[in-house]
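Visitor:
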Amino acid sequence: MLFSKHSSSLMALLVVTFLCNSFAFAFQPEGYNYDEAKVPAYSLPDPLKFEDGSAVRNAQQWKTKRRAEILHLFETEVYGKSPARPACLHFEQTSFSDNALDGIAIRKEVSIWFNKEKTGPHLDLLIYLPKQKTPAPVFLTLNFKGNHSISKDPQIKLSQQWMRASSNSGIVDHRATEKSRGVASSRWPVEMIIKRGYGLATMYYGDIDPDFDDGFQNGVHPLFYKKGQTKPNADQWGSVAAWAWGLSRAFDYLETDCAVVSEKVAVMGHSRLGKTSLWAGATDERFAIVISNDSGCGGAALSRRHFGETVERINNVFPHWFCGNFKKYNEKESTLPVDQHELIALIAPRAVYVASAKEDTWADPHGEFLSLLHASKVYELLGKKPIASKQWPQPNKPITGSIGYHVRTGKHDVTNYDWNRYLDFADLQYEK
Ligand code: GTR
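Residues in the sequence shown are numbered from 16 upward in steps of one, following the working numbering.
1. Please return the same chain residues whose Cβ sits closer than 6 Å to the Cβ of Cys-312, not counting the five positions on each side in sequence.
2. Are there 16 or more other CB atoms within 10 angstroms of the CB of Tyr-240, so buried, or fewer, so exposed?
3. With a threshold of 7 Å, establish whether the CB of Ser-286 neighbours any heavy atom of the ligand GTR.
4. How many Å lie between Leu-397 and Gly-135 at the Cα?
5. Going by CA-CA distance only, name the one from His-381, His-427, Lys-160, Glu-300 that's closest to Gln-355.
6. Spatial neighbours of Thr-32 within its chain, please: CB distance less than 8 Å, with the 5 preceding and 5 following residues excluded, ordered by chain position.
7. In angstroms, rounded to a whole number, what distance separates the CA positions of Thr-91 and Val-326?
8. Taking buried to mean at least 16 other C-beta atoms within 10 Å of its own C-beta, is Thr-109 buried or exposed?
9. From Phe-40 to Ser-58, what does the alpha carbon distance come to, in whole angstroms?
10. Does DSSP put Met-178 in a helix, a strand or coil?
11. Buried or exposed, going by whether 16 or more other CB atoms sit within 10 Å of the CB of Gly-68?
12. What's the C-alpha gap between Arg-196 and Asp-168?
13. Starting from Pro-380, follow the alpha helix (DSSP H) in both directions and report where the run begins and ends.
14. Does the distance between the C-beta of Glu-324 and the nearest non-hydrogen atom of the ligand GTR fall short of 7 Å?
15. Which stretch, first to last residue, makes up the beta strand (DSSP E) that contains Ala-128?
16. Assign Ile-208 to one of three DSSP states: helix, strand, or coil.
17. Have a look at His-335, Asn-308, Val-353, Lys-131 and flag the residue whose alpha-carbon is nearest the alpha-carbon of Ser-318.
18. With DSSP collapsed to three states, give me the class of Gln-251.
19. Can we say the segment 399-411 touches the segment 340-349, given the rule of at least three CB pairs closer than 8 Å?
20. Go ahead and label Gly-221 buried or exposed: buried means 16 or more other beta carbons lie within 10 angstroms of its beta carbon, across all protein chains shown.
21. Quick check: the Cα distance between Ala-295 and Lys-210, rounded to an integer number of angstroms?
22. Measuring CA to CA, which of Gly-118, Arg-122, His-105 is closest to Ser-112?
23. Please specify which runs of the alpha helix (DSSP H), each continuous and at least 4 residues long, are wholly inside the segment 265-336, giving them in chain order.
24. Buried or exposed, going by whether 16 or more other CB atoms sit within 10 Å of the CB of Glu-346?
25. Terminal residues of the continuous beta strand (DSSP E) containing Trp-113?
26. Compute the Euclidean distance between the alpha carbons of Leu-387 and Val-305, then round it to the nearest angstrom.
27. Closest by CA to Thr-156, which one among Thr-424, Pro-334, Ala-259, Leu-385?
28. Since Ser-371 sits in a beta bridge, which residues does DSSP pair it with?
29. Helix, strand or coil for Ala-191? Go by DSSP, reduced to three states.
30. Which of the three DSSP states is assigned to Leu-59 in this structure?
31. Looking only at DSSP bridge pairs, what is Phe-154 linked to?
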């Protein structure tokens, strides 16, 4: 069939419109609220009131009792309780180079096994460290597409794990290929991090639990089933909690590495992995800094605002992310015994940074800021300065202190702007 010049440009316009619509659909699904005026009236649980209604009067009461109450509620009602560190962890360095990234870095790969026989699942940790005589502070992160996706460095082991289908990522039949090398490098300014004097340690989140709903038959969950158990109980760990648990196991390794300052490990994650970094920071107090990039619903955003993604939608589309009990709160956010500002409060008094993106309305950027604002009084109780601004700041005007925040212009992503803020924030905390 022949097209006239006119009809082919009409076709092109239709294709562009279709692509734009599907792009918009991906980040702003229809039928959800994106209007601040339509946020329902809500009242948040008070982090400084015990469950019996009495007031938390001092830091000691927070540390010994109130923090544990909140942690227990998140464990049993939201993310699910995770097992303790396994008795046997086996670390094996599988590669080493002291001449990586054109000679500025050390690169090593370490496998974390759960038994000495090296059977069952294992986690592959990729580590870049600045070439220097003294140990380095480190950013620990999970990645979406395999360690090989963060850089074109051909020496990085190509992941053999199941991967989510993704266009332009060289993934064929859910497996990475050589074409997958470096496909996510725009989110990983490794040289910049190294030149600022920090290390970067990263691990593919699918090593811990592949990100699809298989009733928890793969990944690390089955390692911990009691006799006869086939899936986690309603108050036991979903995938987000498992990914966070994996970050703690990576920390277990970092503690043994004398090239790393284990008191200066920042955990950072984007989107579902931002939800994960917040939960890792809440459950593992070894993390000195906790960073959430565009984490949204079930992350930094307040659930009760019902803005963008909702509890019901996240539980329906991703039934494996949270624990079984979390489903009780579908369309019933006001009955949640906690809200996400209390997740931030669990990180106090350690440094926390939440980043939003202006166009990422699905993640409720304003609601992400409000969580920090409402957690601020716990920081104050613990002797830290409150959040530096009570007003949601303008785009690209970061606020800093022990509580850091920015809303960047642009969409749901991790950019060099974000990383520069995290590096500045770490410099401030470590007085570098
Ligand atoms: C979306 C999900 C968000 C966010 C994001 C991601 O589909 O609705 O909560 O986690 O995925 O992780 O990429």
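Using N, Cα and C, we set each Cβ at its ideal position, and we do this for glycine too. All of these numbers come straight from a predicted model, not from anything done at the bench.
Guide: Looking at the coordinates:
1. Result list for Cys-312: Glu-324, Ile-329, in chain order.
2. exposed
3. Checking every heavy atom of the ligand GTR against the Cβ of Ser-286, one is found closer than 7 Å.
4. 42 Å
5. His-381
6. Unreliable positioning characterises Thr-32 in this predicted model, as indicated by a pLDDT of 36, which lies under 50. The coordinate reading is nonetheless provided below. Here the set comprises nothing.
7. 16 Å
8. It is exposed - the Cβ of Thr-109 has fewer than 16 other Cβ atoms within 10 Å.
9. Because the pLDDT of Phe-40 is 41, which lies under 50, any placement of that residue in the model is unreliable, and the number read from its coordinates should be weighed accordingly. Going from the Cα of Phe-40 to the Cα of Ser-58 covers about 31 Å.
10. coil
11. The residue is exposed, with fewer than 16 neighbouring Cβ atoms inside 10 Å.
12. 8 Å
13. 380-396
14. Look at Glu-324: its beta carbon is less than 7 Å from one of the heavy atoms in the ligand GTR.
15. Residue identity check: residue 128 is Trp in the sequence provided, not Ala. DSSP places Trp-128 inside the beta strand (DSSP E), whose first and last residues are 120-128.
16. Of the three classes helix, strand and coil, the one that applies to Ile-208 here is helix, per DSSP.
17. Nearest to Ser-318 by C-alpha distance, out of His-335, Asn-308, Val-353, Lys-131, is Val-353.
18. strand
19. no
20. buried
21. 27 Å
22. If we check each option's Cα against that of Ser-112, Arg-122 comes out closest.
23. Taking only runs of at least 4 residues, the alpha helix (DSSP H) segments lying wholly in the segment 265-336 are 287-298, 326-332.
24. exposed
25. Reading the sequence as shown, one finds Asp at residue 113 and not Trp. Start and end: 105-115.
26. 12 Å
27. Ala-259
28. As a beta-bridge residue in DSSP terms, Ser-371 pairs with Val-422.
29. Strand at Ala-191.
30. Reduced to three states, the DSSP call for Leu-59 is coil.
31. Leu-215, Ala-281
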